[in-house]
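Chains as they are written, first to last, in our numbering: chain Z, 1 to 370; chain D, 371 to 1070.
As C-alpha cells, then:
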C-alpha cells in the first residue's frame, strides 16, 4: 500500500518545477562555491556538504512523489508531535550555540528542527482547514484549533530564541488563514489581536538584541559597526556589482569578509556583487517564476487540501525570500531568515526542497488518472 | 480554465465514487450536507483560486519592488557603492620622502638624511603575546614593561597606525631581529629618513630644525600632504623652504580584509625626495665666525657677504642654538633656560638684534655730506674734544680732541665733533633719506624669519610715536649713530656693501641653487638689485678711502682688521660703539668693572680688497666695548680665511684662469654703474668736479 504507485502519474510529472528547482539550486551552488572558496585549498567542505544535501533532497522529493499528498497530510499530525518533541529537546538538552539552542546533533549532520517545523505546520494547518466546512466562512471558534496548532511550534521556536523562523511560522499561519474563507468579524478580531500582539511582543517579549536590530534598521548610520554595519556592507556588496557584476569569484566584499554570513543569510549579496544587475534579475526571474508556478499549482489543485498544501508551500518560500531579499537590500532589519534554496544550510535546503516536492506532488495528482 | 474545472469535478466525483480518503471521509461523515459536497467543494475551490490570484498579484508586486530596488542600488548608485567597496578593501600606508639635503656653497654637506630603523608593531589584527614580547625585549635590551607602556600610549589612535616600539636602532639589532623573524612574525622594521647635522649646531638660526607637526599647523596645512606625526620645518630654512625640502610622500597600497589582514600588495607610489638646497654660506667662514664668537662666551652676530652680489657667506648669531634640544620638541625646562640666558640664544641677532649703529653710521653721514656738497675731501674741522650745541656739550670720544681733522681723518679716526657739525648741516630729514638709500631702517628681505626693520628716526616719526617735536640736539646724536637709530647687523653689512660696490643695494641671499630630485636646478641665484645710488662713484670712493685709513693709518680705529700681509690685501672698515646706557655712575668706572649688561656693543664693518671690494664683513659683539678691539680681529680672521681659500683656489687653476675668474665681478660692477652714469664707478670724477670745493671750516 505504501509503495503503491500509479505509473500513469508519471505522465503528469511536473518537469517545469523540477527544472526550475535545478536551475535555482545550480545558481545557489555556484554562488556557494564562490562565497566559501578558500584560496589555498579550493572549494570548501561547506560546498560539498550542500551539494550532498541537494542530492539527498532530490531523492527525498522522488520518495515523496510516490505517496499521495492526502496520505502525507494525514501523517502530518505524527510529524507534528515528533517535531514538537524535537523542539522541546533542543530547549532542554542542547547547549546554546551563540546564545540560541537550535541544533540537534544527529551524528552525520546537525538538524535544525525549526526548519522542518515550518513545513509540518503547513501540513497540519492544511489538513485542519481542508476538513473544516463552515458555510459563510470561519468563525473565531473555528480558528481555535489552527491557532493552537501554530502556537506550539511558534512558542518553542521563539524561546530558542529564533525570531526569524518563529515569524515565518506566524506568517504561514496568517497566509493560510486568509486563504480560507473568513468572516469579516473574525478578520477584524484577528487583525486587532495581531496588532496587540506586536505591541506586547515589542514591549515584553523581544530580546534586547532583537529590539536593537529593529532600531538599527530604522537608523542604520547610528550604529555602523554592528547591525547597521551588516546592512551597510550588504548594500555596498550589491550596489558595487553595478550592471554586470565583478565576475565569478571576483567579489571583494564577500571574499574579504566584509559581508557577514556571506554564505547563509547574505548569500544573495554575493550573487548581486559578482553577477551584477543582469545576473540578479536573471536569478530573480527564475526564482519568482518558480513561485508563480507554485501558484499555478494552487490554481490547478484538484481539491481543497491540495490547494491549501500548495498555497502553504508557495507562501513559505515566498515570504522567506521576500524577507531575506528586503533585508539584503536594506528594506528590513536583520532577521535570521535565509533565502530558501539559495542560502547554505542543510535543514533549510531539505525543508524547502520537500516543500517543492509537495508542490510537485499536488501538481502531479491534480490531473485525473485515466 | 473551464476544462480544468470540469476535470476537477470529474475527479472529485470519481473520488467520491471510489471511496474517499479516510481522513476526509471521517470529517465528511459528520457533515450533514454531504450530498451537495461536490458543488460546494467546487465553489470553495473557486474561492481559493481567486485568492491564489490575489497572491499572484502579491508575488509580482514584490518581484517588481525588489527589481526596482536592485536597479536603484546597482545602476543608479552603483558607482558610489563601488567606491565604498574600494575604500573598504584598499588601505594605504605612507612612505616618508627623504627630505632635501642642505649643502654649503662648495657642495659640502650641512644637513642630510640617513635611514633610521624603527621597530614597529601594528595593533589592529595582532594580540599582545608574551612570547614575542619577551623575545623582542631580550633583543632590544628593554623591559617588557617599557614596551607595553609604548603600546598603552597609542590606545585611542586608529589601530592601523603602527606603534613604534624602538626608534633608530642599530644595524646590529636589525640583523638580530631579522634572524629571529620566525619568533617575531608581527614585528616589522620601518625605514625612516632622519636628519643628520654634519656641522653640529652650525648656522642653527639659519637652518633651523624639524619637529612634529602641531595641531594648529595641521589645521592650516594641506591634508593631502600632512598628517599627524609628520615632521615639519619649525624654524629657519627648514620652515621657510619646507615646500622645496619636503618632497612627496609615497604610498603603499594593500588590499585588506574586514579584519584588517593584508591580503596582497597593490601597485604603490614611490616617494619623491625633496629638493636639495645649496646655500651661499661657506662653512669654513661660518665656522670661524662661530668659533670666534664662542670664545669668551660672546653674544652677537657676524655677517660676511659678497659685495657685488648679495650672497651671504657667513651668517652667525652667537650663541648658536643647541639643535639637539629642539629635535623632537623642546622641553619646557630647556626653553626656559634659553629664555633666561643673558646671551639670548633664541634671538637670531643677524636680523632680529637691533642696535644703535654707533660710529659705523658715520659712513652714511660722511657720504651724505659729500653727496650734498656740504663737505669735500679738503674740508677740515677743528676738534677740541667736545662740541657745544645749545646749552649742552657734546663730547668727542677722544677727550683730548683730534685737533684739525680732514674728511678722511674724520672717518678714519671717527671724530665725533666733525660729524656733529656735518649732521647739523645735513639735518635729520636729509640724514634719514640717505640712511634709507643704504637700506637702513628697512627690511633687507633676506630669507630669515622675524626680521626686524631697525629704526631711522625722522621728526614725523617722533611726532607720531612720542608725541614730541624733534629736538635739534638729537640730530647730533643720530649723526654719529646713537640716539634713536637702530640697525641690525645685516643692515650694516648691506650698508657697507653699498659703499663697497659704489652704490648698488643687493638683496642679501642665502640660497645659491635649488636642485630638484632629477638633478636639475629648479632655481639658481641671480643678484637682485633693490636700489641704486647713481652718479656717486667718486663720493663712495672717498668714503672708502676714509675707511681704508681707519684700518691702515697709524691712528685708525680698526687697525686690528688688517689681514695677513702675505695676501697683499688692503682692508677698509669702520668701527662703532653702540652705547647701551649713558649712566654717569659707570662713566668713571674702568671698563672691566662695568656690569656686562651695561657695557657698550662693539661694531666693526669692513670690505676688502680696498681697490676692488668683493667681500663685506660685519661683526657685532654685544657688550664688547670697543669695535676696534673686540670685533675687528674677528673680521680679520674671516677675511684671512676668505683670501686664503681664494688664492689657493686660484693656485690650483692657472694664473690666467684666475684673472678670468676675477673679471666677471668687476664687469658686473662696471655695468651696473654704466647704466646710470656712462662712466666706471670709481673713475667718474666729472660728476662731482663741478661742485665748489669748500675750503673754509664748517660754520658753527
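Don't be surprised by glycine CBs; every beta carbon is placed ideally from N, CA and C.
Note that this is a predicted model, so its numbers are computed, not measured.
Residue i CB to nearest heavy atom of the ligand ZN below 7 Å
i            : result
residue 52/Z : Questions concerning the ligand ZN fall outside what the structure shown contains, since it holds no ligand whatsoever.
Cβ-based neighbour list, residue i, same chain, cut-off 8 Å, excluding 5 preceding and 5 following
i           : result
residue 1/Z : Note that residue 1/Z has pLDDT 43, beneath the 50 cutoff, so the model's placement of it is unreliable and the number below is only indicative. Correct list: empty, nothing qualifies.
Any chain Z beta carbon closer than 8 Å to residue i
i             : result
residue 391/D : Confidence at residue 391/D is low in this model, with a pLDDT of 44, below 50, so the placement of that residue should be treated as unreliable; the coordinate-derived value is given next. Yes - at least one Cβ of chain Z is within 8 Å of the one on residue 391/D.
residue 463/D : no
residue 623/D : no
residue 490/D : no
residue 612/D : no
residue 556/D : no
residue 466/D : no
residue 545/D : no
CB contact check: residue i to chain D, cutoff 8 Å
i             : result
residue 177/Z : no
residue 66/Z  : no
residue 317/Z : no
residue 145/Z : no
residue 160/Z : no
residue 252/Z : yes
residue 298/Z : yes
residue 341/Z : no
residue 16/Z  : no
residue 325/Z : yes
residue 191/Z : no
residue 173/Z : no
Cross-chain neighbours of residue i in chain Z, by beta carbon under 8 Å
i             : result
residue 637/D : In chain order: nothing, as chain Z lies at least about 16 Å away.
residue 705/D : None at all; the shortest Cβ gap to chain Z is about 43 Å.
residue 444/D : 238, 239, 241, 242, 243, 272, 276, 277 and 280
residue 417/D : 181
residue 440/D : 238, 272, 277, 280, 281, 284 and 329
residue 892/D : Residues of chain Z passing the Cβ test: none, with the nearest at roughly 42 Å.
Selection from the options that minimises the alpha carbon distance to residue i
i             : options                        : result
residue 929/D : 913/D, 880/D, 1004/D and 883/D : 1004/D
residue 514/D : 969/D, 504/D, 918/D and 481/D  : 504/D
residue 23/Z  : 319/Z, 290/Z and 366/Z         : 290/Z
residue 732/D : 849/D, 806/D, 622/D and 807/D  : 849/D
residue 563/D : 847/D, 465/D, 909/D and 845/D  : 465/D
residue 522/D : 754/D, 506/D and 498/D         : 498/D
residue 160/Z : 151/Z, 102/Z, 334/Z and 264/Z  : 102/Z
residue 343/Z : 8/Z, 49/Z and 16/Z             : 49/Z
residue 654/D : 1019/D, 1020/D and 1012/D      : 1012/D
residue 339/Z : 330/Z, 352/Z and 65/Z          : 352/Z
residue 36/Z  : 17/Z, 329/Z and 264/Z          : 264/Z
residue 719/D : 858/D, 870/D and 974/D         : 858/D
7 Å Cβ cut-off: residues of chain Z touching residue i
i             : result
residue 686/D : Neighbours of residue 686/D on chain Z: none; closest Cβ ~58 Å, over 7 Å.
residue 447/D : 239
residue 553/D : Per Cβ cutoff of 7 Å: no residues; residue 553/D is ~24 Å from chain Z at best.
6 Å CB neighbourhood of residue i in its chain, flanking five on each side removed
i             : result
residue 883/D : 648, 891 and 894
residue 560/D : 488 and 490
residue 356/Z : 21
residue 117/Z : 83 and 153
residue 54/Z  : 25
Proximal residues of chain D, C-beta to C-beta of residue i below 7 Å
i             : result
residue 291/Z : 429
residue 288/Z : 429 and 433
residue 295/Z : 422, 425, 426 and 429
Interface partners of residue i on chain D, CB under 9 Å
i            : result
residue 86/Z : Those do not exist, as residue 86/Z stays about 24 Å from chain D at its closest Cβ, beyond 9 Å.
Spatial neighbours of residue i in its chain, beta-carbon cut-off 7 Å, leaving aside the 5 residues before and after
i             : result
residue 140/Z : 186 and 189
8 Å Cβ cut-off: residues of chain D touching residue i
i             : result
residue 118/Z : Within 8 Å Cβ-Cβ: nothing; residue 118/Z doesn't reach chain D, min ~18 Å.
residue 235/Z : 443 and 451
residue 307/Z : 415, 418, 419 and 422
Residue-chain proximity (residue i, chain A), Cβ-Cβ < 8 Å
i             : result
residue 322/Z : Within the model displayed, chain A is absent; protein chains Z and D are what it includes.
task: Starting from the N-terminal side, write out each stretch of the beta strand (DSSP E) that is 3 residues or longer and does not extend beyond the segment 425-465 of chain D.
output: 460-465
- request: Taking only runs that begin and end inside the segment 729-805 of chain D, name each unbroken beta strand (DSSP E) of 3 or more residues, in chain order.
  value: 751-753, 756-759, 762-765 and 773-775
query: At what residue ranges does the segment 514-577 of chain D contain a whole run of the beta strand (DSSP E), taking only runs of 3 or more?
result: 533-539 and 557-567
query: At which residue ranges does the segment 634-722 of chain D contain complete alpha helix (DSSP H) runs of 4 or more residues, listed in the order of the chain?
result: 653-664, 693-696, 702-710 and 719-722
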